[in-house]
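Structure, as structure tokens:
There are 2 protein chains.
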Amino acid sequence: MDKLEFLSDNKNSNLRNRQLKQQRDIIRHLSKSPFPLSIPEISEYIKTSVPTGTKLTKELLKNNYILAEGKKETDNGRRPTTYALNTDKFYVVGVEILEKFLHASIVRIDLDTVYQAKNRKFILSDTPECLDEITRFIQSTIKESGIQADQIIGVGIGMTGGVNRQRESIKFFNFDDNSLKQYLENKLSLPIILDNDTRAIGIAEQVLGIAKGVENVLVIKVSRNLGLSIILNRKTIVGGTGLAGNFAHIRFKEGERLCNCGKTGCIGTEVAGDALKKDLIEALQNGERSLYFQLDKIDTYQYHDILDAVLKGDALAFKILHDQGDKLGQALGNMVNLLNPDLIVIVGEFVMVKDFLIDAIRIGIRKTALLEPLTTCKIEASTLGRYLSSKAGACMLLKACDMIEY
Amino acid sequence: MDKLEFLSDNKNSNLRNRQLKQQRDIIRHLSKSPFPLSIPEISEYIKTSVPTGTKLTKELLKNNYILAEGKKETDNGRRPTTYALNTDKFYVVGVEILEKFLHASIVRIDLDTVYQAKNRKFILSDTPECLDEITRFIQSTIKESGIQADQIIGVGIGMTGGVNRQRESIKFFNFDDNSLKQYLENKLSLPIILDNDTRAIGIAEQVLGIAKGVENVLVIKVSRNLGLSIILNRKTIVGGTGLAGNFAHIRFKEGERLCNCGKTGCIGTEVAGDALKKDLIEALQNGERSLYFQLDKIDTYQYHDILDAVLKGDALAFKILHDQGDKLGQALGNMVNLLNPDLIVIVGEFVMVKDFLIDAIRIGIRKTALLEPLTTCKIEASTLGRYLSSKAGACMLLKACDMIEY
DNA sequence: GCAAGTTAGTAAAAAAAATTAGGAACTTTA
DNA sequence: TAAAGTTCCTAATTTTTTTTACTAACTTGC
Chain A
4 MDKLEFLSDN KNSNLRNRQL KQQRDIIRHL SKSPFPLSIP EISEYIKTSV
54 PTGTKLTKEL LKNNYILAEG KKETDNGRRP TTYALNTDKF YVVGVEILEK
104 FLHASIVRID LDTVYQAKNR KFILSDTPEC LDEITRFIQS TIKESGIQAD
154 QIIGVGIGMT GGVNRQRESI KFFNFDDNSL KQYLENKLSL PIILDNDTRA
204 IGIAEQVLGI AKGVENVLVI KVSRNLGLSI ILNRKTIVGG TGLAGNFAHI
254 RFKEGERLCN CGKTGCIGTE VAGDALKKDL IEALQNGERS LYFQLDKIDT
304 YQYHDILDAV LKGDALAFKI LHDQGDKLGQ ALGNMVNLLN PDLIVIVGEF
354 VMVKDFLIDA IRIGIRKTAL LEPLTTCKIE ASTLGRYLSS KAGACMLLKA
404 CDMIEY
Chain B
4 MDKLEFLSDN KNSNLRNRQL KQQRDIIRHL SKSPFPLSIP EISEYIKTSV
54 PTGTKLTKEL LKNNYILAEG KKETDNGRRP TTYALNTDKF YVVGVEILEK
104 FLHASIVRID LDTVYQAKNR KFILSDTPEC LDEITRFIQS TIKESGIQAD
154 QIIGVGIGMT GGVNRQRESI KFFNFDDNSL KQYLENKLSL PIILDNDTRA
204 IGIAEQVLGI AKGVENVLVI KVSRNLGLSI ILNRKTIVGG TGLAGNFAHI
254 RFKEGERLCN CGKTGCIGTE VAGDALKKDL IEALQNGERS LYFQLDKIDT
304 YQYHDILDAV LKGDALAFKI LHDQGDKLGQ ALGNMVNLLN PDLIVIVGEF
354 VMVKDFLIDA IRIGIRKTAL LEPLTTCKIE ASTLGRYLSS KAGACMLLKA
404 CDMIEY
């Protein structure tokens, strides 16, 4: 049997390609179905007669792509044999490339991680050596997992920094008219899907998290900086040149702090980790006091410490966080008016103070959002936890292959 | 030959349905193609062999859906007969329903208007009588045009006011568990596509206007009020409950005027026709002077008059307009950061002062937009003119049928 | 417990589509 | 102007698919 390729459909329409397309369709449908399917169900889905559906299914069975799962209990009539995906034949590689962290997972199609590897000594730089290091890391991860290359559908990569519309990194690894994507596709002989790490997390929230099954979602990342992944009609919005979702530089009122973009008033200067520390400094300079923070030790504090202090009951830390949540809520209220989302998901480090943050966001959002779009918009914090980004890459690939429901 | 239905594909997959689907595909392809096509080209497009493509094409020819257009000039080899759509077999009805205006056009598939009718005495109200009036208006327009019902693909309606996700008006005509859409589909026995009039205009800009072929567009309507149609990846964004694009209530800085939504600072209170008049009153009260306007005659002025004064060189009117453009630009800059559009199109009454307005918008937009997304974003005024909205409905229907390129 | 009803699956017949092969209609080159 | 090369198109052949008809495997009602 020919290899089943799930990205880049063969355009030629001869018999074998048509059959392969139908078999891929069967696999896709089985991968999305929560229960095994009978031949009549499969045939209906791929829009052929039962005899052809039978033939295609039997060939997939012979090649071990699918497994017979026994008879189905029905109310009447002869009971059909049902078939399910052989999950051991379909693996995906998920990769996370951050400034100082490299992480890869081998994930089964049902999203169970079977193997993973980290590199904490990694430092991202725009050099051929770094590109080589990434390539070798992925290669060795695959090798050590023991999974055969022909059982791998492809590689999904979530990467820090700007990614353009062609899913190629703007800043990194564009040597000799080649992009990271092209380079890796050649080296690994596997389809590659690359995107911004925030967008990858957005997809993971859609597939595994609370955004599952929701059509229109704003996934807002609050860590050191602000990030946003906009999902409309279940699709991630990329924009004309791949820069969509630049939430940090939205301005919604006058502001004093100078942003690294050269302007003032950007929401990114008012909300998130970096701003949190600035808020603390200003508060202490204004004479406000706290059990946990003193002005002369200011250089020893991380923004994490402020979040910790909130959990410990520090009134000043709470007040600062509350103000930020209020501002963030006001900015999000504008998004609600504009995009009418069904759900806003908070991800990132600030999730650790989610109850405090979301209450404050709710207060702020009412100041700007219209009543009608707001009543249908939920605000929730992610439940997925950290260290999931490489899995997010895998989700992204499976979604691109249309082998995953959401 | 069975009727070709272009909306709601028959799900049954027997032979005849498959053939009809292929024939619809041929029609769709011909409708989008700028030149007639040969049988080999058609066959390649519908992914069949040449003999089957020939058979399907010949049947369409026999039924007069398509016409032979003579031989094509080629570089070598036997010259193929080419086929084009018989535009006289495919008509669309476009309808515009406004507060005090009813307008319908019968449009050929190449978007030539063949007949149109207006009703200026119409007053929109949520009553069965009004619904009946609309129905009779559409029926009589079709009748008077002389076009046979079986030559009409469907009816596209652009309607004022909120329209939900199921493309049903929120405010109007929801009697007896029936919507306007359902009611008309029953009465006219034609497929109906309904949407908000601003979104319909957005689609018209995509199909006929300067947004043609552009992936990501913001169509901003500046008339008495502000309206926005967001087009991303060539699709109009509707939002979770159909309320997306509520640009008028975006807040981007503190404002004093009270909006009808109950808040202050909404951009709709600062920009567009109603705000223009308020700006004029305030300026005159502050002692500013103009050749064209006096405070004691303020009730006699329409916002149109202020736009006229701009064209006549009135410095005060210009200053007011310029301030509005600047503010609008600042708000749009946020949209640019967020959605990274390729193009912003200005539509609505303010197009009459487009040069003044766009210059001001450019100044404002630089205050908030990031450099990178702004460099790839054009700002232009619509060239389509007024009285096009019913044609916009037709565009919307053709787009929903996938019978139009953009 | 047996007939009647229902759904699965398959073998045979019929239909449709794809290949193959070759002629038609053209250009280019010698 | 004749031969070679190209593409279109169709007739004949082959392959594939659907349809039809039938058997298998089950439940339910009498």
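Chains as they are written, first to last, in our numbering: chain A, 4 to 409; chain B, 4 to 409. No residue lacks a Cβ here, since even glycine has one placed at the ideal position from N, Cα and C.
With a 10 Å radius around the Cβ and a threshold of 16 neighbouring Cβ atoms, Asn-343 of chain A comes out buried. According to the DSSP assignment, Phe-359 of chain B belongs to the alpha helix (DSSP H) that extends over 357-371.
Restricting attention to A:Ala-207, A:His-325, A:Lys-281, A:Gly-165, the CA atom closest to the CA of Tyr-304 of chain A is found in A:Lys-281.
Apart from sequence neighbours up to five positions away, the residues of its chain that approach Leu-101 of chain A with a beta-carbon distance below 6 Å are Thr-163, ordered along the chain.
In this structure, the CA atom of Arg-168 of chain B is about 16 Å from the CA atom of Gly-159 of chain B. A direct Cα-to-Cα measurement between Leu-221 of chain B and Leu-231 of chain B gives close to 7 Å. Rounded to whole angstroms, the separation of the alpha carbons of Gly-328 of chain A and Arg-81 of chain A is 60 Å. Within 9 Å of the CB of Lys-256 of chain B, the CB atoms of chain A belong to Arg-254, Phe-255, Lys-256, Glu-257, Gly-268, in sequence order along the chain. Listed along the chain, the chain B residues whose CB falls inside 9 Å of the CB of Asp-326 of chain A amount to none; the nearest CB is some 16 Å away. Within the stretch 208-221 of chain A, contact with chain B at the beta-carbon level (separation under 7 Å) is assigned to Glu-218, Asn-219. Look at Thr-244 of chain B: its C-beta is under 7 Å from a C-beta on chain A. With respect to the 7 Å criterion, Tyr-86 of chain B and Pro-43 of chain B are not classified as neighbours on the basis of their beta carbons.
Secondary structure of Ile-301 of chain A (DSSP, three-state): helix. Annotated three-state conformation of Ala-107 of chain B is strand, per DSSP.
Val-96 of chain B is positioned such that its CB atom lies closer than 7 Å to that of Ile-109 of chain B.
Linking Gly-73 of chain B to Ala-207 of chain A through their CA atoms gives a straight-line distance of about 55 Å. Of all residues in the stretch 323-353 of chain A, only Asn-337, Asn-340, Leu-341, Leu-342, Asn-343, Pro-344, Asp-345 come within less than 7 Å of chain B when Cβ atoms are compared, listed by chain position. As a beta-bridge residue in DSSP terms, Val-222 of chain B pairs with B:Ser-232, B:Val-348.
Our two residues, Gly-396 of chain A and Met-355 of chain B, have alpha carbons roughly 49 Å apart in a direct line. CA-to-CA, the gap between His-252 of chain B and Gly-268 of chain B works out to about 8 Å. Between Gly-271 of chain B and Asn-228 of chain B a beta carbon distance of about 6 Å is seen, short of the 8 Å cut, so the two are scored as contacting. At a cut-off of 7 Å between C-beta atoms, Cys-264 of chain B counts as an interface residue with respect to chain A.
Under DSSP, Ile-382 of chain B takes part in a beta bridge, and its partners are B:Ile-347. Closest option to Leu-373 of chain B, judged by alpha-carbon separation, among A:Asn-289, A:Lys-24, A:Asn-263: A:Asn-263. Looking at the DSSP output, Val-96 of chain A shares a beta bridge with A:Ile-109, A:Val-158.
Proximity of Thr-379 of chain B to chain A, defined by a Cβ-Cβ separation below 7 Å, is satisfied. Taking a Cβ-Cβ cut-off of 7 Å, Gly-164 of chain B has no neighbours in chain A, whose nearest Cβ is about 13 Å from it. The Cβ-Cβ distance between Leu-331 of chain A and Ile-364 of chain A falls below 7 Å. Residues of the stretch 176-209 of chain B with a C-beta atom less than 8 Å from some C-beta of chain A do not occur. In the DSSP assignment, Glu-72 of chain A falls within the beta strand (DSSP E) that extends over 69-74. Listed in chain order, the positions of the stretch 44-65 of chain B with a beta carbon within less than 7 Å of a beta carbon of chain A are Lys-50. Nearest neighbour of Glu-62 of chain A by Cα position, chosen from A:Ile-30, A:Lys-300, A:Pro-131, turns out to be A:Ile-30.
Here the C-alpha atom of Phe-176 of chain B lies approximately 56 Å from the C-alpha atom of Val-117 of chain A. Between the C-alpha atoms of Leu-391 of chain A and Ile-366 of chain A there is a straight-line separation of about 30 Å. In the structure shown, the three-state DSSP call for Asp-308 of chain A is helix.
Thr-371 of chain B reaches chain A at His-252, Ile-253, Arg-254, Lys-266, Gly-268, Cys-269, counting residues in chain order whose Cβ is nearer than 9 Å.
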